[in-house]
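The block underneath contains the structure these notes are about, expressed in C-alpha cells.
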Amino acid sequence: MITDLPSAQDFYESGKDLLGLAWDSVSQLLLNLDQAGYYGVDTEEVSDAYWDAARLRLATALSTTQQGVEFLIKGRIAEVSPFILIVDNPSKWPSPYAGSPLKFSEFRTLDAQDLPRVHDTVALKPLPADFVEKFVWLRESRNTIMHSVDNELTVPVVGVLKSILFVHNKLFPGEHWPSVRLCQLERAPDIELGSIDYVRNRVCWEMSVVLDLLRPAEVKLYFNIDKKQRRYTCPVCYYEANRGVGFEYQLAVLRPNSPKSTSLYCPICNLVHKVVRKKCDSDCPGNVLDEEGTCLTCAS
Ligand SMILES: [Zn+2]
Ligand SMILES: [Zn+2]
Numbered sequence: 002m003i004t005d006l007p008s009a010q011d012f013y014e015s016g017k018d019l020l021g022l023a024w025d026s027v028s029q030l031l032l033n034l035d036q037a038g039y040y041g042v043d044t045e046e047v048s049d050a051y052w053d054a055a056r057l058r059l060a061t062a063l064s065t066t067q068q069g070v071e072f073l074i075k076g077r078i079a080e081v082s083p084f085i086l087i088v089d090n091p092s093k094w095p096s097p098y099a100g101s102p103l104k105f106s107e108f109r110t111l112d113a114q115d116l117p118r119v120h121d122t123v124a125l126k127p128l129p130a131d132f133v134e135k136f137v138w139l140r141e142s143r144n145t146i147m148h149s150v151d152n153e154l155t156v157p158v159v160g161v162l163k164s165i166l167f168v169h170n171k172l173f174p175g176e177h178w179p180s181v182r183l184c185q186l187e188r189a190p191d192i193e194l195g196s197i198d199y200v201r202n203r204v205c206w207e208m209s210v211v212l213d214l215l216r217p218a219e220v221k222l223y224f225n226i227d228k229k230q231r232r233y234t235c236p237v238c239y240y241e242a243n244r245g246v247g248f249e250y251q252l253a254v255l256r257p258n259s260p261k262s263t264s265l266y267c268p269i270c271n272l273v274h275k276v277v278r279k280k281c282d283s284d285c286p287g288n289v290l291d292e293e294g295t296c297l298t299c300a301s
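First residue of the sequence shown? That's 2 in our numbering, and the numbers climb one at a time after it.
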C-alpha cells in the first residue's frame, strides 16, 4: 500500500504558499521603489539599473508562481483521486515486495505540461480556458528567461503580480487575496523574530502600491472596491498596525457611497465596519470617524 497520500487540501495550501512567496518577493521590489521615492530618490532615474538587477528575482518569482499553480491543479486532480497523479509503467514503480510500505513521494508524478489535460479528463468541469492560457504563459516565460542571455529581456513586475491575482481568483473565486496574505504573513517564520506587529503595515502597504497599478476593473475584481471612490483609513487595520513606524494607508470605502452612509468596507479585513458621520475637529474636511472618534481622513 501507499502511505502519506497527499490530500487536495495539502496541495492547495502548498500552492497558495508558493504564490505568497512569489508575491512577497516581487511586491518587495515595488515597496523598495516606493520607499526610495519617499526619501527623495528619483525613481525614474534608478529604474533601468534597478529592474536589470531585479531580473533574476523576477524570473525566480515567475518560476515559483508556476510551481504554485502546478500544486493547485494537482489539488484539483487529487479531489478525484491522488492516485491519478502517479505516472510511469507499473514495472517502473518502486517494488511493493520490499517489506516496507511505499511512500507517495517515491513515485514519479505527472509532468507540468500534462496537468491541464489530465485534469480536464477526470474532473467534472474543465479548467477555464483563460486559466490554461495563463498557465502556459507562465511556463513559457519562465523557460525563456531562464535560458536566455538577452539582457534586454525583462518580465514586468506587475505582470507577475497580476498573474498571481488572476490564478488565485480563477481557482478560488470565494477567497480574497489580501486575507490570504494576512494569514500567510501571520504564520511566516519571520513572526518568530517579532515581526507580527508589522504584518498589517506590510499587507496594507503592498496592497495600496499594487492597487495603484491595477486597472479599475481589476481593482473591483480582486479588491472588491471601486478604484475611483474616495478612500479612508480602516479603523481595524489602524489599531492592528504598528503606528510607531507610521500608518497612512487609506484603502477602505463607504458602502453604500452616500453622504449618510455609516458602513465602511475594508478590502484588507474584507469586512464592513461601522463608522460615525461627524465633522472632524482638526483642520480637515473629513466627516467619517470611527466609534472612538478618530478621523478616518486625517487619523487624528
Ligand atoms: Zn481593515
Ligand atoms: Zn480629520
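Using N, Cα and C, we set each Cβ at its ideal position, and we do this for glycine too.
Buried or exposed: D322, going by 16 or more other Cβ atoms within 10 Å of its Cβ?
The chain is shown from 2 up to 301; residue 322 falls before or after that span and cannot be answered.
Taking any heavy atom of ligand 2 as the mark, which residues have a C-beta closer than 5 Å to it, listed down the chain?
The set, ordered by position in the chain, is C281, S283, C285, G287, C296, T298 and C299.
Going by CA-CA distance only, name the one from K163, D115 and R244 that's closest to Y199.
For Y199, the closest alpha carbon among the candidates K163, D115 and R244 is that of R244.
Going by C-alpha to C-alpha distance, which of K261, V211, K221 and T110 sits closest to G160?
Considering only alpha carbons, the answer is V211.
Buried versus exposed, by CB contacts within 10 Å (16 or more), K126:
Its Cβ having fewer than 16 others within 10 Å, K126 is exposed.
If you follow the beta strand (DSSP E) that C184 is part of, which residue opens it and which one closes it?
Looking at the DSSP string, C184 is not in any beta strand (DSSP E); the run it does join, the alpha helix (DSSP H), is W178 to E187.
As a quick check of your reading: which residues have a C-beta less than 5 Å from at least one non-hydrogen atom of ligand 1, in chain order?
Spelled out in chain order, the answer is C235, V237, C238, C267, I269 and C270.
Given L111, which residues of its chain have a CB within under 7 Å of its CB, disregarding the five upstream and five downstream residues?
In the same chain as L111, and ignoring 5 residues on each side of it, the C-beta atoms closer than 7 Å to its own belong to L86, V88 and V119, in chain order.
Please determine, among K171, P174, L172 and L166, the residue with the shortest C-alpha to C-alpha distance to R182.
Per the Cα distances, L166.
Presumed contact (8 Å Cβ cut-off) between R201 and A242, rounded CB distance
Indeed they touch by this definition, with Cβ atoms about 4 Å apart.
With DSSP as the reference, please indicate the residues paired to S264 in a beta bridge.
The partner list for S264 (beta bridge, DSSP) reads K275.
Just to confirm the assignment, what range does the alpha helix (DSSP H) spanning I303 have?
Any question about residue 303 goes unanswered here, given that the chain covers just 2 to 301.
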